[in-house]
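Input: a single structure, listed below in structure tokens.
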Amino acid sequence: DTEVTQTPKHLVMGMTNKKSLKCEQHMGHRAMYWYKQKAKKPPELMFVYSYEKLSINESVPSRFSPECPNSSLLNLHLHALQPEDSALYLCASSPAPVFGANVLTFGAGSRLTVL
Amino acid sequence: KQEVTQIPAALSVPEGENLVLNCSFTDSAIYNLQWFRQDPGKGLTSLLLIQSSQREQTSGRLNASLDKSSGRSTLYIAASQPGDSATYLCAVPSGRGSTLGRLYFGRGTQLTVWP
């Protein structure tokens with residue numbers, strides 16, 4: 041299995057809702073990532089988990105809350121989002137958090153729309 | 003900070019043409035470079051990975067070259083087909099004090115191949 045699986049593919053939520061995005065990989069990778077991509081822009085790093093521990097938070101607002109329950113799963117909990125948070129959220133994984141030499145495998149993304 | 007530039011931003015060609023997509027980066031202390039394909043609203047599909055010690059990689063009709071010293075990579079697409087229509091992204095990590103797991107992306111080349 042060489043895939044990163046993201047669910048749901050599409051999510052529409054109001055600003056008062058609480059929802060979660062899920063990401064799963066079974067490649068034995070020990071680093072997992074959340075990226076955010078706005079329309080016609082390159083992906084931007086949000087969070088990095090290394091051996092199930094949060095190692096990087098790129099100054100992301102607290103309304104985004106990541107969670108890594110085990111080495112195969114990565115969640116992104118969403119609460120009190122703003123319309124400008126509407127974007128494609130990409131999960132990725134890599135074999136090991138080797139500094140500077142990561143080769144990332146990306147999922148298909150979750151398209152989030154905040155009304 | 004690593005800066006990645008891709009030229010051209012958009013390309014529209016008839017089927018059958020051989021294409022050249024360009025990527026340049028400012029920090030040559032990279033371990034590897036990846037080319038990705040992204041279909042509209044979808045995730046990233048890795049096309050080719052070139053390690054810093056390599057000069058080129060080939061996969062089917064795709065060939066990517068890397069000139070690390072000059073900070074450039076080129077993606078060649080031979081005998082283009084309408085199914086090649088997508089956005090092509092170039093991404094590099096940075097070896098100098100980079101954020102673990104951060105890939106620096108170009109803004110992409112949006113390719114349209116018409117029949």
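If you read the sequences in order, they're chains A and B.
Numbering-wise (the numbering used here), the first sequence opens with residue 41 and increments by one.
Numbering-wise (the numbering used here), the second sequence opens with residue 3 and increments by one.
All residues carry an ideal CB built from backbone N, CA and C; glycine is no exception.
Counting along the chain, the unbroken beta strand (DSSP E) around A:E84 starts and ends at 84 to 90. Secondary structure of A:D125 (DSSP, three-state): helix. As computed with DSSP, A:K62 is found in a beta bridge with A:T47, A:N115.
Counting only runs of 3+ residues, the beta strand (DSSP E) found wholly inside the stretch 16 to 70 of chain B occupies 21 to 27, 34 to 40, 46 to 53, 58 to 61, 64 to 69, in chain order. About 5 Å separates the beta carbon of B:L77 from that of B:W37, a gap short enough to meet the 8 Å contact definition. Taking every protein chain shown into account, the CB of B:E17 has fewer than 16 other CB atoms within 10 angstroms, so this residue is exposed. If you check the CB distance, A:E64 and A:S112 come in under 8 Å.
In this structure, DSSP gives A:P109 an extended state, which the three-state scheme calls strand. Distance from the CA atom of B:D41 to the CA atom of A:K49, rounded to whole angstroms, is 14 Å. Distance from the Cα of A:A120 is smallest, within the candidate group A:L51, A:K59, A:P106, A:T45, for A:K59. Taking a C-beta distance under 8 Å as the contact criterion, B:G73 and B:L91 do not qualify as a contact pair. Within the stretch 46 to 79 of chain B, contact with chain A at the beta-carbon level (separation under 8 Å) is assigned to L46, T47, S48, L51. Between the stretch 73 to 89 of chain A and the stretch 126 to 136 of chain A there are three or more C-beta pairs closer than 8 Å, enough to call the two in contact. Contacts between A:G68 and chain B, judged by CB atoms closer than 9 Å, are missing: the closest CB pair is about 17 Å apart. About 6 Å separates the beta carbons of A:T45 and A:G147, which is inside the 8 Å limit, making them a contact pair.
In terms of Cα proximity to B:G85, the closest of B:R104, B:C25, B:S14 is B:S14. Using a Cβ-Cβ cut-off of 9 Å, B:R109 is close to K80, K81, P82 of chain A, given in chain order.
A distance of 8 Å or more separates the beta carbons of B:T7 and B:S30. Partner residues in the beta bridge of A:S134, as assigned by DSSP, are A:A71. Among the residues facing chain A, B:K3 is not included, as its CB has no counterpart in that chain under 8 Å away. According to the DSSP assignment, B:Q8 belongs to the beta strand (DSSP E) that extends over 6 to 9. Residue ranges of uninterrupted beta strand (DSSP E) with 3 or more members, entirely inside the stretch 71 to 97 of chain B and ordered along the chain, are 74 to 79, 88 to 94. Taking the C-beta atoms as reference points, A:L114 is found nearer than 8 Å to A:M72.
At a beta-carbon threshold of 7 Å, none of the residues of chain A lie near B:L35; the nearest stands roughly 10 Å away.
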